[in-house]
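Numbering (this note's numbering), first residue to last: 151 to 273. C-beta atoms are modelled at their ideal positions from N, C-alpha and C, and glycine is treated no differently. Quick caveat: nothing in here was measured; it's all calculated off a predicted structure.
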Amino acid sequence: MKELEEITCPLCHMSFIENEKLSNVFSDDPKTKYISNLVKHYREYHITSWNKIFKKYGHEYRGTWFKGIEFEKSKYNNRSKRQIIRKVHPVLKEMGIEPIHFERLKDTDQKTMELVHRFLGES
Ligand SMILES: [Zn+2]
Numbered sequence: 151m152k153e154l155e156e157i158t159c160p161l162c163h164m165s166f167i168e169n170e171k172l173s174n175v176f177s178d179d180p181k182t183k184y185i186s187n188l189v190k191h192y193r194e195y196h197i198t199s200w201n202k203i204f205k206k207y208g209h210e211y212r213g214t215w216f217k218g219i220e221f222e223k224s225k226y227n228n229r230s231k232r233q234i235i236r237k238v239h240p241v242l243k244e245m246g247i248e249p250i251h252f253e254r255l256k257d258t259d260q261k262t263m264e265l266v267h268r269f270l271g272e273s
């Protein structure tokens with residue numbers, strides 16, 4: 151069993167232990183693993199509406215969902231990815247993160263990939 155690593159968010163500088171599942175999925179690919187953990191952190195800590203979904207009146211938020219939680223989660227993940235890119239692309243670039251690493255993430259949509267190429271592609 152590999153030991154889980156600590157990750158620091160470049161936006162809020164909070165340190166957290168990487169997610170075990172993501173650590174396993176991307177065990178041979180530290181850059182994609184980093185991005186996937188950052189997206190999860192961003193969704194949970196920087197997009198406050200995501201957490202409201204799971205609280206007391208969450209059913210009111212979920213009431214308008216017709217396509218289920220996985221669909222909504224992927225929408226939130228893509229929104230998180232785009233905001234991360236806009237806000238910290240110089241940090242990502244310095245770490246050697248490229249469009250290929252975003253392509254390897256689950257459900258990265260067209261709109262997000264266009265932004266990834268604009269900020270992290272060859273210039
Ligand atoms: Zn953060």
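Between the options, which has its C-alpha nearest residue i's C-alpha?
i	options	result
Thr-262	Glu-272, Asn-227 and Val-238	Asn-227
Phe-204	Lys-181, Leu-188, Glu-222 and Asn-187	Glu-222
Asn-187	Phe-166, Lys-206 and Asn-201	Phe-166
Arg-229	Glu-253, Ile-219 and Ile-197	Ile-197
Leu-172	Lys-231, Leu-255, Asp-259 and Lys-217	Leu-255
Leu-265	Ile-157, Leu-154, Lys-243 and Arg-236	Arg-236
Glu-155	Glu-194, Glu-170, His-239 and Arg-268	Glu-170
Ile-234	Asn-174, Lys-217 and Phe-252	Phe-252
So if DSSP puts residue i in a beta bridge, which residue, or which two residues, is it bridged to?
i	result
Ser-165	Thr-158
Take residue i and list the residues in its own chain whose beta-carbon comes closer than 7 Å to its own, dropping the five residues that flank it on each side.
i	result
Asp-178	none
Ile-247	Lys-181, Ile-185 and Leu-270
Ser-224	Asp-257
Cys-159	Leu-188 and His-191
Within 10 Å of its beta-carbon, does residue i have 16 or more other beta-carbons around it, so buried, or fewer, so exposed?
i	result
Val-189	buried
Glu-272	exposed
Lys-243	exposed
Lys-183	buried
Taking 6 Å as the limit between beta carbons, can you name the residues of its chain near residue i, skipping five residues before and five after?
i	result
Lys-206	none
Glu-168	Leu-154, Glu-155, Ile-157 and Asn-187
Short of 8 Å in beta carbon distance, which residues of its chain neighbour residue i, apart from the five on each side in sequence? Order them along the chain.
i	result
Trp-200	Arg-193, Glu-194 and Tyr-226
Pro-249	Met-263, Val-266, His-267, Leu-270 and Gly-271
Cys-162	Tyr-195 and His-196
His-239	Phe-269 and Leu-270
Met-164	Thr-158, His-191 and Tyr-195
(request) Anything with a beta carbon under 7 Å from a heavy atom of ligand 1 counts; list them all in chain order. (result) Cys-159, Leu-161, Cys-162, Met-164, His-191, Tyr-192, Tyr-195 and His-196
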